[in-house]
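Student:
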Amino acid sequence: MAVEKLQFQAETKRLLDLVVNSIYTNKEIFLRELISNASDALDKLRIESLTNKELADDAEPEIFIVPNALTRTVTISDNGIGMTRDEVIANIGTIAKSGTKDFLDKLREASNASAQELIGQFGVGFYSAFIVAEKVELITRKAGENSAVKWTSDGTGEYELEDCEKESHGTTIVLHLKNEFFGGEGEYNFTDVYELERLIKKYSDFVRYPIKMNFEIPGKDEKPPTIEIRTVNSMKPLWTRSKSEITREEYDEFFKQQLHEWEPPQEIFHVKAEGTVEYTALLCIPKRAAHNLYYSDYEPGLQLYSRHVFIMDKCKDFLPDWLRFMKGLVDSPDLPLNISREVLQQSIEVKVIGKALEKNILKQLGKLLKDERERYEIFWHEYGKSLKIGVYNSVFDQKAKDALKDLLLFQTSRDGKFSTLAEYVERMPESQKQIYVAAGSDAAAIEQLPQMELLRERGLEVIYLTDPVDEFTLEALHEYAEKHFQSITREDFELDDAESQKVKAEVEEIAKTQGDLLKDVKDAIGDAVAEVRLTSRLKSGAVCLATGANSPSLTMEKTFAAMNNPMFKATQILELNPNHAVFKKLEALHADKDSPEFKSLCNTLYSLALLIEGVLPKDPADLANKVTELLAK
Ligand code: ADP
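Encoded structure:
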């Protein structure tokens, strides 16, 4: 039969190189990965055969593992769904995950320890076979088909495909071990049945299908040894045991096995309920957010079981989208075994369970925030964005919004640490009526805003909005503890203490006599700004930009532009400090308002105001020329 040689997709090849060279410890996890795939394939066959009776056969589902010291191989077989030739090419030769290139770039630059973490976030699955094998053969036959195909590769650049014979459906993977993994010379000996038994118990005990191996039983009284087939894993679903009997290690291993996680989860939720709907849920927050959590190809959802039998993966109907990072399973005897996705969507039981779970998760997060701040901040670092998205996705769900608003954290000008809104409000002086916020790309950029000077001087704290979603979130909240959010860069921002009011009145006086100047500055700049005015909120700064009270902010405008939605434009107001030397210069040049010098100064001031906000002016080269000219003077 013809052997066809195919190339790995370029990214697959790079990934393979990196994975093999980046996994320094825990090389044994390849076994867990391959057993997980086998278990998934058995699940898929069982589900398919519910609707396609032709697929049902008498064979008991099982996973069989055979180590062979002579051929230096480990063979892992399952009698699951198998793959067609096309599926092998699509699943094994290609990586169809978005963000793969970014991931590879990050991986290449990462240190050893963080490389392992990155790989964990990405999940390399089948490719982990190449950590221990110099050559991998995969022979597979799709259930319901007669032909089988053999895939062979040494994991370098290409793989071979050839038609072959296989007695029954399922997949067999033969790992030809690298030198250091057999014979006991290295740290591992994967041809030793007892070593494999230990690993299966450690990593795959909860797999719901029997994992079998041949054990040699020495013969008594000089009789030859006999072979006994034993099931190595206990198969008992962990979630059916009582919480108090389960150790943290058992939970950790369970999630790694069940959910293809590489690291123990950060938080675990084990909920049993016997109300109107009976269910058990075992959920976790993974330690690290999936690399594609916010990409469209990330598939959120929980696994669904009925009476401990797997029904469906990635069931999205339990939890709201902002909890997309939650992983785990729900097992309920009140859900029928052959429920379809469509029926599930309408199911009252699913709604009841989902609402209860959401409530439980919110409650536990609140408790974590209160009792274990450090751990909560680790969680926040990974998933804070999801909660913030949750706020503005819950516009019509006041209850969810109320629960979420107390879980939000923001950096503030006080000490750069994270604060809840409640903590901020608690520290507000009595005279302060609003919650001051400022948006920018990071804390340092906000600290440099000229408007910050005055607030710093008055000892007023400002909440930093450094994530593009922050402003949308606060917009959706509108207020907290009856205090409105007030951006310090918006036109309607003012301080109402006596000193500020006095300066304001002085500036208003000056403004009365400067109407012409302000109009001519506006004309010189053109339509880019809606208005030019004097300001009392600058101390040493000469200019700043404010945005209209009802317009999106400049940061929002940037976010919209990045989403290819340039419709949302901020209304820009150029504010000038009448007490700054440059203002005097402006006044002097205004004597000839048509002179190029006057126009040039107006536009340079506007460009500088944009730069302060982190926005590139239209003609940066022109600005650079003007500044260098000035420097040379
Ligand atoms: P993942 O399991 O995360 O999808 P893998 O690289 O481990 O990633 O596997 C890729 C795909 O190959 C799987 O999604 C599945 O479709 C297919 N596959 C892997 N192993 C098997 C198997 N033993 N039987 C059937 N299909 C398999």
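Heads up, the sequence shown is in the numbering used here, so the first residue is 636 and it goes up one at a time. The beta-carbon is built from N, C-alpha and C at its ideal position, and this holds for glycine as well.
May I ask you to list the residues that DSSP assigns as paired with P702?
Tutor: P702 pairs with V709.
Student: Do the segment 710 to 718 and the segment 820 to 834 meet, that is, are 3 or more Cβ pairs less than 8 Å apart?
Tutor: The answer is no - the segment 820 to 834 does not touch the segment 710 to 718, with fewer than three Cβ pairs under 8 Å.
Student: If you draw a straight line from the alpha carbon of P1125 to that of Q642, how long is it in whole angstroms?
Tutor: It should be noted that the sequence gives Arg, not Pro, for residue 1125. Near 57 Å, if we compare the C-alpha coordinates of Q642 and R1125.
Student: Threshold first: 3 residues or longer. Then list the beta strand (DSSP E) segments lying entirely within the segment 1122 to 1181, N to C.
Tutor: Whole beta strand (DSSP E) segments, 3+ residues: 1166 to 1169.
Student: What did DSSP end up calling W957 once you bin it into helix, strand or coil?
Tutor: Helix, per DSSP.
Student: Just how far apart, CA to CA, sit V1164 and K1157?
Tutor: Roughly 7 Å separates the two Cα atoms.
Student: Which partner residues does R865 have in the DSSP bridge list?
Tutor: Partner(s): M848.
Student: Can you check DSSP and say which residues form a bridge with H1119?
Tutor: Partner(s): E1114.
Student: Locate the beta strand (DSSP E) running through A1038, then write down its first and last residues.
Tutor: Taken as a continuous stretch (DSSP letters only), A1038 belongs to no beta strand (DSSP E), being part of the alpha helix (DSSP H) at 1033 to 1040.
Student: Confirm the yes/no value for this check: CB of I716, any heavy atom of the ligand ADP, distance under 7 Å.
Tutor: It does: the Cβ of I716 is within 7 Å (strictly closer) of some heavy atom of the ligand ADP.
Student: Based on the DSSP output, what are the partners of A1074 in its beta bridges?
Tutor: According to DSSP, which records beta bridges pairwise, A1074 is partnered with L1100.
Student: According to the neighbour-count rule (16 or more other Cβ atoms, all chains shown, within 10 Å of its Cβ), is H1113 buried or exposed?
Tutor: Exposed is the call here.
Student: Take D1254 as the anchor and find which of I1160, T882, N1185, K770 has the nearest alpha-carbon.
Tutor: Closest by alpha carbon: I1160.
Student: What is the DSSP secondary structure of H811, reduced to helix, strand or coil?
Tutor: Three-state result, H811: strand.
Student: Report the CB separation of T1055 from L1044 in whole angstroms; it is logged as a contact under 8 Å.
Tutor: Between L1044 and T1055 the Cβ distance is about 6 Å, and since that is below 8 Å, they are a contact.
Student: Is there at least one non-hydrogen atom of the ligand ADP closer than 7 Å to the beta-carbon of G760?
Tutor: True, at least one ligand heavy atom lies under 7 Å from that Cβ.
Student: Give me the DSSP bridge partner(s) of M947.
Tutor: Answer is L939.
Student: Within 10 angstroms of its Cβ, does L1251 collect 16 or more other Cβ (buried), or is it exposed?
Tutor: Flag for L1251 reads exposed.
Student: Out of K847, V965, V1262, D932, state which residue places its alpha-carbon closest to the alpha-carbon of C919.
Tutor: Nearest option by C-alpha distance: V965.
Student: Out of curiosity, what's the CA-to-CA distance linking F945 and D675?
Tutor: So the alpha carbons of these two residues sit roughly 10 Å apart.
Student: Is Q1207 helix, strand or coil when you go by DSSP?
Tutor: Correct three-state label for Q1207: strand.
Student: Can you tell me whether E1052 is buried or exposed, with buried defined as 16 or more other CB within 10 angstroms of its CB?
Tutor: Rather than Glu, the amino acid found at residue 1052 in this sequence is Lys. Burial call: exposed.
Student: Can you pull the DSSP bridge partners for E772?
Tutor: Beta-bridge pairing links E772 to T787, V809.
Student: Take the Cβ of Y1011 as the centre, count every other Cβ of all protein chains shown within 10 Å, and call the residue buried at 16 or more, exposed below.
Tutor: Y1011 comes out buried.
Student: Excluding the 5 residues flanking D948 on each side, which residues of the same chain have their C-beta closer than 6 Å to its C-beta?
Tutor: Once the five neighbours on either side are set aside, the close Cβ partners of D948 are Q938.
Student: From N656 to A1080, what distance separates their C-alpha atoms?
Tutor: One C-alpha to the other measures close to 39 Å.
Student: Going by DSSP in three states, H663 sits in which element: helix, strand or coil?
Tutor: Correcting the residue identity first, residue 663 is Glu in this sequence and not His. Coil.
Student: When burial is assigned at 16 or more other CB atoms within 10 Å of the CB, is A645 buried or exposed?
Tutor: The residue in question, A645, is exposed, as its Cβ has fewer than 16 Cβ neighbours within 10 Å.
Student: Using CA atoms only, rank isn't needed, just tell me which of M1087, L1109, D1041 is closest to V1030.
Tutor: When only C-alpha atoms are compared, the closest one is L1109.
Student: Do L742 and L653 come within 8 Å of each other at the CB atom, strictly closer than that value?
Tutor: Against a cut-off of 8 Å, the Cβ pair of L742 and L653 comes out as a contact.
Student: Going by beta carbon distance, what residues of the same chain come within less than 7 Å of R942, once the five residues before and after it are set aside?
Tutor: Counting only Cβ-Cβ distances below 7 Å, and skipping sequence neighbours, we find P968.
Student: Could you round the C-beta distance between Y838 and R959 to whole angstroms and report it? I think they count as a contact, below 8 Å.
Tutor: Not confirmed; about 26 Å, so no contact.
Student: Quick test of your reading: P696 and N714, contact by CB under 8 Å. State the CB separation rounded to the nearest angstrom.
Tutor: 6 Å between Cβ atoms; contact.
Student: State buried or exposed for T1263, treating a residue as buried only when at least 16 other CB atoms are found within 10 Å of its CB.
Tutor: Classification of T1263: exposed, given that the 10 Å Cβ count is below 16.
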